[in-house]
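Read through the structure below, which is laid out as structure tokens, and then see the notes.
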Amino acid sequence: MFTGIVEEIGTVEAVEPGTDANGVVTDARLRVRGPLVTSDARPGDSIAVSGVCLTVTDLPGDGTFTADVMPETLRRTALGELGTGGRVNLERALAVGGRYGGHVVQGHVDGVGTVLSRTPGPRWDEVEIGLDPALARYVAEKGSITVSGVSLTVTRVGDDSFGVSLIPTTLAVTTLGSLAPGARVNLEVDVLAKYTERLLATAGSAGTAR
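Once you know that position 31 of the sequence shown is 31 in full-length UniProt numbering, the rest is easy, because the numbers rise by one and skip nothing.
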């Protein structure tokens, strides 16, 4: 589990695509530089890479780690668009007893959104992000959402978009500070919203059965 509080910006040092017999890319292996998140990491640990929970498979001891990205992850996230030199938000899994600064983040991306607009303010930026209308029903004003691994508070909700405000710290220490309109971002909605919907649907079905 994560909290959406980014610990450092990492750099993709290598992308090794896996292909099938027809040469179609099916999976990938990433090597990412992140001196802080690798300082106490071990093979098998989880690290969120721009909001995607990945398992550490190799630690050369030079401040980098390797992780495999499966076909399902490539389909559902924007990690497949990463290339050498790409910047990613990194967060280690929450340690028991650690500070809980964001919200419940699983690292299970629900969909990919697109930055629609960006409006600079005196010390912050207002950003509008488009998303699938089917996903928008889980987004609530003043609720939480994870954007490329960053826990943010929703300021506005539409049928197929939502707004967030990026404070100076977020602009400085995450990749969101450099996103331009058209950029694609990984989205994870609040898991509590999904469980609530499921429980209500189940309760409704039970009531109908009676």
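From the three backbone atoms N, C-alpha and C, an ideal C-beta is built for every residue, glycine too.
The structure presented is a predicted model; accordingly, all values stated were derived computationally and were not measured.
First and last residue of the uninterrupted alpha helix (DSSP H) at residue i
i: Thr26; result: Per DSSP, Thr26 belongs to no alpha helix (DSSP H); it is in the beta strand (DSSP E), 25-33.
i: Ala172; result: 168-173
i: Arg75; result: 71-76
i: Leu135; result: 133-136
Selected residue, minimal CA-CA separation from residue i, among the options
i: Pro120; options: Met1, Gly83, Leu166, Thr11; result: Leu166
i: Leu152; options: Lys142, Thr66, Ser161, Val24; result: Lys142
i: Gly18; options: Asp68, Thr55, Gly149; result: Asp68
i: Met70; options: Leu54, Thr64, Asp58; result: Leu54
i: Val15; options: Ile5, Asn22, Arg31, Ile9; result: Arg31
i: residue 213; options: Leu192, Val96, Thr169; result: This structure leaves residue 213 out entirely; the chain is present only between 1 and 210.
i: Leu176; options: Arg29, Asp27, Glu8; result: Glu8
i: Ser161; options: Gly86, Arg137, Pro168; result: Arg137
i: Thr170; options: Val150, Gly158, Val185; result: Val150
i: Gly4; options: Arg87, Asp40, Val104; result: Val104
Per-residue burial, residue i [other beta carbons within 10 Å of its own, 16 or more giving buried]
i: Glu197; result: exposed
i: Asn89; result: buried
i: Ala201; result: exposed
i: Gly83; result: exposed
i: Tyr195; result: exposed
i: Arg92; result: buried
i: Leu79; result: buried
i: Ala28; result: buried
i: Ser178; result: exposed
i: Thr57; result: exposed
Cα-Cα separation between residue i and residue j, rounded to whole angstroms
i: Val25; j: Glu81; result: 12 Å
i: Glu128; j: Val154; result: 10 Å
i: Ser148; j: Ser50; result: 4 Å
i: Leu116; j: Val164; result: 12 Å
i: Val12; j: Gly85; result: 5 Å
i: Gly182; j: Gly63; result: 31 Å
i: Thr38; j: Ala95; result: 14 Å
i: Val173; j: Val6; result: 8 Å
i: Gly158; j: Gln106; result: 24 Å
i: Gly61; j: His108; result: 27 Å
Enclosing beta strand (DSSP E) for residue i [first to last residue]
i: Ala14; result: 8-19
i: Ile47; result: 46-49
i: Ser117; result: 111-120
i: Asn22; result: First-last for Asn22: undefined, no H or E at that position.
i: Gly130; result: 125-130
i: Leu185; result: Note on residue identity: the sequence assigns Val, not Leu, to residue 185. Looking at the DSSP string, the run of the beta strand (DSSP E) that includes Val185 is 184-189.
i: Ser151; result: 150-157
i: Glu141; result: First-last for Glu141: undefined, no H or E at that position.
i: Asp160; result: Neither: Asp160 is in no beta strand (DSSP E) and is coded neither H nor E.
i: Asp58; result: 52-58
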